[in-house]
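The structure under discussion appears below in the form of structure tokens.
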Amino acid sequence: MKPKVDCILLVDDDEDCNFFHERLINKMQCAGRVETVLTGYDALDFLKTSVNGEHPRPNLILLDINMPGMDGWSFLYEYNKLSEDQKAQIVVVMLTTSLNPDDKKKAEADPNVGAFANKYLDEESLMNILKANFPQFN
Amino acid sequence: MNYQFSLIYRGAAYLTLLTALVVMYGWLQGIESVQIIVQSWPSMKFNTALCFFLTGGVLLSTYYRKDFFKIPLAGILLVVACLSFLENLTGLQIGLQSFFVPGLMSAGTALCFMLLALAHIGIYTEALIWRKVSQYLLHCVTVISFFAIIGFVYGISGEGKLVFISSMAIHTSVLFFLGSMVSSLIHPSLGFTRLLIGKKPGNLLAKRMFPLIGGSILVLGYLVINYWETGQISPETGLTIFGLSILMIALVFISIIAMELNSTDIRRSQVARALRDTNANLEKIVIERTALLAEKVELLNATTSAARIGTWEVDLEAQKVAWSDMTKELHGVPPDFEPDLATGINFFKEGKHRANIETTVERCIATGEPYDVELMIVTATGEDKWVKSIGTPILRDGKVIRLRGTFQDIDVRKRAEIKISEESALLQMLIDNIPINIYTKDLLSRKTMINKSELELMGLEDSSTVIGKTDHELFPKESADISRKEDVEVMKTGIPILSRETSMDLGENNKHWFLTSKIPIVNSEGNVTGLLGVSVDITERKRNEEKLKNYAILESKSAEMEQFAYIASHDLREPILTIKNYLNILFEDYGENLDTGARRYSDTILSALNRMETLIAGLLDYARLSSPKEFETVDLNQSMKNVLLSLDSLIKNSQATITVGKLPTISGYPTEIELLLQNLITNGIKFRKPDRVPVIEIKSKKHGRAWIFSVRDNGIGIGPEYIEEVFVMFKRLHSRKTFDGTGIGLSHCKKIVELHNGKIWVESEPGEGSVFYFTIDTNEIKNETES
């Protein structure tokens, strides 16, 4: 039995990318389920929506920085305003195709950001992220 | 004796001689008429004639001043006359009576000869009294002979005559009268002659009276006696007529003379009055002039006193020095102070002042050259004082015997002058040394003054080549036209131009910028006479401003560029990554179904995508290098450690040997420096000869003001034709098959070195290896700047 997290939320306007990452997660069998949203607004809505009195609270959010409308940074700004039970124990991973080291610095400076990675993730990089944030993967 | 008198005198003398000779001849030949002249009258005796001959000689020798002849002749005459006189009086028989021709001269004649001889002997004596005596002796002769002549005229016979003149012949008396008269003319200012000769009114009277009265008495007396003797009138009537006639003549004559005298006196008194008036006038003028002079003297005194001018005099012969009161006051000594030459000199301040006055005075005495010097004295009260000393020599026979001069207190003026000259020197020094261009121009924009700074700008050394020239003669026409226009504006309006930015072309690529002020120069009458130009060369500042502007543009451009590079890289990468990843999942999902052809094509696509990705990354890095940042302290030893660590797997796989010498600490960009080292080392390993284990050696060396770093490898080397090209972006020397690469690495290196103000170059021997060198300025090295 492989270790896994309950839920991973993919936030990316690129459906190809979402498809790729969902496929990767399923292949690795490291999450109970994968949720996909195409915009930051959708992601916020998702987090705020309670199902049966409970917030979805995904374990991991893979967040694309470069998105039309609300980009990754704006999302993080709004995310910070959420209540603790809405965002408790959530690890946010910033994803980008950009090689700009400034982005990396900025992301690392944000306490809500658990990791910073280049798109696309592969098995190795995803595993490194999981290992770094979730003890059950060690 | 004047010329007329001398003619008369000589005539009389020669007549005397001639008469004497005629009478003597008459005696010898017995011609009676020449002896007697008038019958029944006494004759001139032979010895009388002889004496007259002697007398003529005496007269001539007196006239010609021949004492040698005169004294003996007069002596003989005197002796003969004396003897004759004695014979006459006493009747003694001396023998003269029968000498040559018998006959004795009368006592009167002898007396006359005696008196004449004596008079002529004493006529030229030095003592006035004797000259006077001889004059009166001559007058006696004249009177005696006159009486004798009257006797003859009145026809008084021998018995009725006076004793003395009883037997004097007529021509004898005339000769005596003549001789004595002319002799008395020798000294016309003496005796009775004076009365007749002088020009005063009395003389005039005498001169006219004597001949007239004498003549009228003679004529009237003769007539009266004649009529009386013939019995035509009684003696009483004759005497009365005679007396009245004489009285009438005398009265008329005196009246005429008196009137003449009166008119003369009137003229005289008029003249005297005029003279008195003139005199009075003159006196008035004298008084006025004297007052004026006194005023002038007072003014002079006041002036010299106010101007503090004293006088002095040095008598070099007597070694005496005199100072005026003011001179003493200036020296601070009391009025009774007695100076001498040495003390005078010693008042001058020791040193150059005293040395100067000493040489000046010496030269003045030696050459007679006057002097005028301004020197300092120390007064008796110990006060330093500037004085002006003027000295004028007084010469006698070309030798300076005295010095005279003035001594003036010029302390206030001199100190002010010195202060002004010091201030002006300071100003000049300031003008010469201030790094601002300063000049003055006249109304025609000709330079009248120029300072060093302005001269240097023109590349000149001597201001004389510039003075008097206009800008048109010194600068390009375009600049000169503008400048002249400004000049005219300033001088016309009197309004200065302040800190106007101007430019001037001083030759090829030598444009200078100035902040120029032009200020009109106004004289004391308020007229503009020129202008003062002050210009600061702001070329450097201007260039820096330009640089900064360019830099700012560059900076914004570079930021833009960087932004562009990120976006481009992001957007470019995205599709590549998508293709790549989907290709991968294609393999994963359908790998078994693909034949070998499809697989090979897919591999080619994949490797091309990888290469594209690397290129994009490289471009982005290059773009990032352009953005300027702050230098940091970089310990190159630490940088090298980091590089070797990151290259660990490459080094291990290639079995490369890396040796690193001791490296300095510099100030620079740490990331870029590491990238530089990493690139160079990577290159060294990458371009190795397949049959050789790579050996890389890194060293540093100080060279002048820079550090030189070298990275040596034993790789394939670079052909000389490519030595320059290796640093060009995207330039690759080898096929991808032989050596993979983007062609960006070395251009990165070049850029990084240039960011550190250094240079990079390569030396290589194909087949043996290459050495990459780069320099970094030591002034960028922290350790160096600290030491």
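Protein chains in written order, with our numbering: chain A, 10 to 147; chain B, 57 to 843. Heads up, the beta-carbon is just placed ideally off N, CA and C, and yes, glycines get one too.
Rounded to the nearest angstrom, what separates A/Lys11 and B/Thr715 at their Cα positions? Counting from one through the first sequence, the residue named residue 11 of chain A turns up at place 2. Counting from one through the second sequence, the residue named residue 715 of chain B turns up at place 659. Each residue's alpha carbon lies about 48 Å from the other.
From the DSSP output, which residues share a beta bridge with B/Ala762? Position 706 of the second sequence holds residue 762 of chain B. Beta-bridge analysis with DSSP links B/Ala762 to B/His759 and B/Asp833.
I need the straight-line Cα distance from B/Gly214 to B/Met315, nearest angstrom please. Indexing the second sequence from 1 puts residue 214 of chain B at position 158. Indexing the second sequence from 1 puts residue 315 of chain B at position 259. Below a pLDDT of 50, predicted positions are generally treated as unreliable, and B/Gly214, at 47, falls in that range; no measurement from the model is reported.
Among B/Ile490, B/Ile506, B/Pro491 and B/Asn489, which has the Cα closest to the Cα of B/Lys497? Here the question's residue 497 of chain B lines up with position 441 in the second sequence. A check of alpha carbon separations from B/Lys497 across B/Ile490, B/Ile506, B/Pro491 and B/Asn489 identifies B/Ile506 as the nearest.
Give the C-beta separation of B/Phe266 and B/Val280 to the nearest angstrom, bearing in mind that I take them to be a contact with Cβ-Cβ under 8 Å. Position 210 of the second sequence, counted from the first residue, corresponds to residue 266 of chain B. Position 224 of the second sequence, counted from the first residue, corresponds to residue 280 of chain B. Contact doesn't hold; Cβ gap of about 21 Å is too wide.
So, is the C-beta of B/Tyr622 closer than 8 Å to a C-beta in chain A? In the second sequence, the residue the question calls residue 622 of chain B occupies position 566. True, the Cβ-Cβ gap to chain A drops below 8 Å.
Compare the beta carbon distance of B/Thr558 and B/Thr549 with 8 Å and say whether it is the shorter of the two. Taking the first residue of the second sequence as position 1, residue 558 of chain B is located at position 502. Taking the first residue of the second sequence as position 1, residue 549 of chain B is located at position 493. Going by C-beta atoms, B/Thr558 is not nearer than 8 Å to B/Thr549.
Measuring only the C-alpha atoms, how far is B/Ile492 from B/Val590? Counting from 1 along the second sequence, the entry for residue 492 of chain B is found at position 436. Counting from 1 along the second sequence, the entry for residue 590 of chain B is found at position 534. In a straight line, the C-alpha of B/Ile492 is about 7 Å away from that of B/Val590.
Cβ contact (3+ pairs, closer than 8 Å) linking the stretch 233–248 of chain B and the stretch 166–184 of chain B: With the cut-off at 8 Å, the stretch 233–248 of chain B and the stretch 166–184 of chain B touch.
Find the nearest neighbour of B/His790 within the set B/Gly814, B/Lys742, B/Ile641 and B/Leu811, judged by alpha-carbon distance. The sequence position of residue 790 of chain B within the second sequence is 734, counting from 1. The candidate whose alpha carbon is nearest that of B/His790 is B/Lys742.
Whole angstroms are fine: how far does the CA of B/Val546 sit from the CA of B/Asp561? Along the second sequence, one-based indexing puts residue 561 of chain B at 505. Along the second sequence, one-based indexing puts residue 546 of chain B at 490. A direct Cα-to-Cα measurement between B/Asp561 and B/Val546 gives close to 23 Å.
Cβ neighbours of B/Trp817 in the same chain (closer than 6 Å, five flanking residues each side left out): On the second sequence, residue 817 of chain B is found 761 positions in, with the first residue counted as 1. So the list reads Tyr829, once near-sequence residues are dropped.
Taking DSSP as the reference, what is the three-state secondary structure of B/Ser272? Here residue 272 of chain B refers to the residue found at position 216 of the second sequence. DSSP places B/Ser272 in helix when its eight states are reduced to three.
Which residues does DSSP list as the beta-bridge partners of B/Thr572? One-based indexing of the second sequence puts residue 572 of chain B at position 516. Answer by DSSP bridge pairing, in chain order: B/Arg556 and B/Ser591.
Do we get a CB-CB distance below 8 Å when we pair A/Thr48 with the residues of chain B? Translated into the one-based positions of the first sequence, residue 48 of chain A becomes position 39. So, not an interface residue.
Should B/Pro576 be labelled buried (16 or more other beta-carbon atoms within 10 Å of its own) or exposed? Against the second sequence, residue 576 of chain B aligns to sequence position 520. That one is buried.
Given B/Asn666 as reference, the closest of B/Met382, B/Asn637 and B/Glu686 once Cα atoms are compared: Start at 1 with the first residue of the second sequence, and residue 666 of chain B comes out as number 610. Ranking B/Met382, B/Asn637 and B/Glu686 by CA distance to the CA of B/Asn666 puts B/Asn637 first.
Taking C-alpha atoms, which residue in B/Lys718, B/Gly67 and B/Thr831 lies nearest to B/Gly760? On the second sequence, position 704 is the one that residue 760 of chain B refers to. Ranking B/Lys718, B/Gly67 and B/Thr831 by Cα distance to B/Gly760 puts B/Thr831 first.
By the 10 Å Cβ neighbour count, where 16 or more other Cβ atoms means buried, how is B/Ser625 classified, buried or exposed? To locate residue 625 of chain B, count along the second sequence from 1; it is residue 569. Answer is buried; the Cβ neighbour count reaches 16.
Along the stretch 18–33 of chain A, what residues have a CB closer than 7 Å to any CB found in chain B? Going along the stretch 18–33 of chain A in chain order, one finds Asp25, Phe29 and Arg32 with a Cβ nearer than 7 Å to chain B.
DSSP on B/Ser803, reduced to helix/strand/coil? As a position in the second sequence, residue 803 of chain B is number 747, starting the count at 1. Note: B/Ser803 maps to helix in three-state DSSP.
Tell me the DSSP secondary structure of B/Val716 in three-state form. For this step, residue 716 of chain B is matched to residue 660 along the second sequence. In the structure shown, B/Val716 sits in a strand (DSSP, three-state: E or B).
Please classify B/Thr423 as buried or exposed, where buried requires at least 16 neighbouring CB atoms within 10 angstroms. Locating residue 423 of chain B in the second sequence gives position 367, where the first residue counts as 1. Counting Cβ neighbours within 10 Å, B/Thr423 comes out exposed, since fewer than 16 surround it.
Under the three-state DSSP convention, the category A/Lys13 falls into: Sequence index remark: in the first sequence, residue 13 of chain A carries index 4 (1-based). It is coil, neither helix nor strand.
Under the rule that 16 or more other beta-carbon atoms within 10 Å means buried, what is B/Glu473, buried or exposed? Mapped onto the second sequence, residue 473 of chain B falls at position 417. By the beta-carbon neighbour count (other beta carbons within 10 angstroms, threshold 16), B/Glu473 is exposed.
With distances taken between CB atoms, is the gap from A/Lys104 to A/Asp131 smaller than 8 Å? Start at 1 with the first residue of the first sequence, and residue 104 of chain A comes out as number 95. Start at 1 with the first residue of the first sequence, and residue 131 of chain A comes out as number 122. Correcting the residue identity first, residue 104 of chain A is Leu in this sequence and not Lys. At a Cβ-Cβ threshold of 8 Å, A/Leu104 and A/Asp131 do not count as neighbours.
Taking a Cβ distance cut-off of 9 Å, strictly less, list which residues of the stretch 102–128 of chain A are near chain B, in chain order. Within the stretch 102–128 of chain A, the qualifying residues are Thr105, Thr106, Ser107, Leu108, Asn109, Pro110, Asp111, Asp112, Asn127 and Lys128.
Let me know if B/Asn649 comes out buried or exposed under the rule of 16 or more other beta-carbons within 10 Å of its beta-carbon. On the second sequence, position 593 is the one that residue 649 of chain B refers to. The Cβ neighbour count for B/Asn649, taken over all protein chains shown within 10 Å, is under 16; the residue is labelled exposed.
Give the interface partners of A/Leu75 over in chain B, defined as CB-CB distance under 8 Å, in chain order. For the purposes of this step, residue 75 of chain A is taken as residue 66 along the first sequence, with counting starting at 1. For the sequence presented, residue 75 of chain A should be read as Asn rather than Leu. For a Cβ distance threshold of 8 Å, residue set His626 of chain B lies close to A/Asn75, ordered along the chain.
So, at 8 Å on beta carbons, what are the nonlocal neighbours of B/Asp381 in its own chain, with the 5 sequence-adjacent residues on each side left out? Taking the second sequence and counting its residues from 1, one reaches residue 381 of chain B at position 325. Counting only residues of its own chain and dropping the five nearest sequence neighbours on each side, B/Asp381 has a CB closer than 8 Å to the CB of Gly366 and Pro391.
Helix, strand or coil for A/Thr40? Go by DSSP, reduced to three states. Along the first sequence, one-based indexing puts residue 40 of chain A at 31. First, the amino acid is wrong: residue 40 of chain A is Ala here, not Thr. It is a strand residue.
Could you check what DSSP says for B/Arg460 in three-state terms: helix, strand or coil? Working through the second sequence from its first residue, we reach residue 460 of chain B at position 404. In the structure shown, B/Arg460 sits in a strand (DSSP, three-state: E or B).
Could you tell me the alpha carbon to alpha carbon distance between A/Ser92 and B/Ala621, rounded to whole angstroms? Within the first sequence, numbered from 1, the residue matching residue 92 of chain A stands at position 83. Within the second sequence, numbered from 1, the residue matching residue 621 of chain B stands at position 565. Take the alpha-carbon of A/Ser92 and the one of B/Ala621: they are about 38 Å apart.
Can you name the residues of chain A whose CB is closer than 9 Å to the CB of B/Leu633? For the purposes of this step, residue 633 of chain B is identified with residue 577 of the second sequence, where counting begins at 1. For the C-beta of B/Leu633, the chain A residues within less than 9 Å are, from N- to C-terminus, Cys26, Thr106, Asn127, Lys128 and Tyr129.
Out of B/Gly586, B/Lys745, B/Gly388 and B/Ile707, state which residue places its alpha-carbon closest to the alpha-carbon of B/Thr794. Position 738 of the second sequence, counting from 1, holds the residue named residue 794 of chain B. Closest option to B/Thr794, Cα to Cα, is B/Lys745.
In chain order, what residues of the same chain lie with their CB nearer than 6 Å to the CB of B/Phe232, ignoring the 5 residues before and after it? Here the question's residue 232 of chain B lines up with position 176 in the second sequence. Residues of the same chain with a CB within less than 6 Å of the CB of B/Phe232, apart from the 5 flanking positions on each side, are Cys168, Val197 and Ser201 in chain order.
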